[in-house]
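So the structure is just underneath, and the comments pick up after that.
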Amino acid sequence: MGRVPFALVLAGLLLAGCGLVGAATSPVFQVEAVQVRSSPDANGNSATRVDMVFVYDQAVVDMLQTLTAVEWFTRKRQFLLDFPEGIGVRSWEVVPNDTLPTEEVPETLLENKSGDNAVAAFVFADYLSPGAHRARLESRRGIRIELGRDDFALTPFTPES
2 MGRVPFALVL
12 AGLLLAGCGL
22 VGAATSPVFQ
32 VEAVQVRSSP
42 DANGNSATRV
52 DMVFVYDQAV
62 VDMLQTLTAV
72 EWFTRKRQFL
82 LDFPEGIGVR
92 SWEVVPNDTL
102 PTEEVPETLL
112 ENKSGDNAVA
122 AFVFADYLSP
132 GAHRARLESR
142 RGIRIELGRD
152 DFALTPFTPE
162 S
């Protein structure tokens with residue numbers, strides 16, 4: 002009878018330990034491909050700057066998720082100077098009624114030079130209309146950024162292998 006409680010205690014400690022290990026690590030953000038396309042009247046018939054920002058530091062995630070696109074584009078240079086290993090950026094400037102070729106996301110954006118994996122990613126689109134124009138991405142095989150007249154939408158897609 003003395004062995005049963007010990008076995009239960011040991012199993013409980015092992016399970017609790019597994020939970021602690023999982024809680025200490027940040028989730029890894031993954032995406033294989035991205036496509037950007039714009040509607041004929043995108044951004045009020047104006048070109049749109051779009052940044053996909055990969056984040057390797059949870060403290061930076063907390064900062065970026067409060068920014069609007071206007072704030073991001075105003076402060077982007079300073080963020081790059083302040084957090085050279087904390088973020089990676091892929092930028093586009095997209096004219097209305099355009100579909101850019103699907104791009105494979107390079108490992109250099111999914112992992113920084115120090116070997117830290119991306120823990121999150123955001124899209125910022127520089128619209129003329131009011132609004133946050135920011136979205137946090139979920140891990141997917143493929144992400145399509147669809148630029149509309151007054152805002153953008155994100156949709157998953159399956160890239161061709």
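The opening position of the sequence shown corresponds to residue 2 in this note's numbering, with each subsequent residue numbered one higher. Cβ atoms here follow ideal geometry from the backbone N, Cα and C, with glycine treated the same way.
Check, Outcome
"Residue environment, A122, which counts as buried when at least 16 other CB atoms sit within 10 Å", "buried"
"CB contact flag (D127, F55, <7 Å)", "no"
"First through last residue of the beta strand (DSSP E) which encompasses L148", "141 to 148"
"Spatial distance of T109 from R135 (CA atoms)", "23 Å"
"In DSSP terms, what A121 is bridged to", "V56"
"Option nearest V95 by Cα separation, candidates G143, T49, I144", "T49"
"Proximity below 7 Å, CB of V124 to CB of M64", "no"
"P41 versus L129: straight-line alpha-carbon distance, rounded", "15 Å"
"Three-state secondary structure (DSSP) of E112", "strand"
"CA-to-CA distance, P85 to I144, given in whole angstroms", "25 Å"
"Cα-Cα separation between R38 and Q31, rounded to whole angstroms", "21 Å"
"Span separating the alpha-carbon of P107 from that of V35", "11 Å"
"Rounded distance between the beta-carbons of I88 and L81, thought under 8 Å", "7 Å"
"Proximity to N98 [Cα-Cα], best of A43, F158, L155, V29", "A43"
"Spatial neighbours of T103 in its chain, beta-carbon cut-off 7 Å, leaving aside the 5 residues before and after", "A34, Q36, P160"
"Given S115 as reference, the closest of S47, D58, A133 once Cα atoms are compared", "D58"
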